[in-house]
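Student: Once you've had a glance at the structure underneath, I'll fire off some questions.
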Amino acid sequence: MIGEKLSGARVGVLGLSYKGNVDDTRESPAWEVIHLLKEKEANVEVFDPHVPAESTAKDIEGLLGKVDSLILVTNHKEFTSMDYTLLRENNIKVVVDGRNCLDKDKIKALGIRYHGIGRQ
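Residue numbers (my numbering): 65 to 184.
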């Protein structure tokens with residue numbers, strides 16, 4: 065996903081609210097991320113446990129089964145405490161951590177490309 069064509073890419077967006085553990089989507093960066101992905105012709109799926117009406121998947125497992133890469137936009141506890149082996153089991157290739165709240169080393173140890181905003 066980073067440095068690759070997005071046309072046809074299957075991308076999952078984790079989180080729609082503007083901050084973790086709330087359901088308020090006003091001023092959320094997720095909308096711009098989704099817009100930009102769709103503009104580049106990516107196939108976008110969305111899950112936010114606090115905003116189910118706007119989610120395209122009903123749970124994280126449902127989202128993971130539909131995508132190859134993830135962008136974490138909101139640091140909900142459901143995402144920061146997720147079992148990373150689910151990523152490998154669902155063949156996730158790339159994780160973009162927009163909040164720098166995931167365990168980079170654990171994700172990379174599973175053979176998944178990790179990119180954190182401002183991280184190397």
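Backbone N, C-alpha and C define an ideal beta-carbon position, used for all residues, glycine too.
If you draw a straight line from the C-alpha of Lys83 to the C-alpha of Ile171, how long is it?
Tutor: C-alpha separation (whole angstroms): 23 Å.
Student: Would you say the segment 163 to 182 touches the segment 111 to 123, given that touching needs at least three Cβ pairs under 8 Å?
Tutor: The segment 163 to 182 vs the segment 111 to 123: no contact.
Student: Locate the alpha helix (DSSP H) running through Gly182, then write down its first and last residues.
Tutor: No alpha helix (DSSP H) contains Gly182, which DSSP labels as neither H nor E.
Student: If you follow the beta strand (DSSP E) that Val77 is part of, which residue opens it and which one closes it?
Tutor: Element bounds for Val77: 74 to 78.
Student: Please determine, among Glu96, Gly76, Asp169, the residue with the shortest C-alpha to C-alpha distance to Asn155.
Tutor: Nearest C-alpha to Asn155: Gly76.
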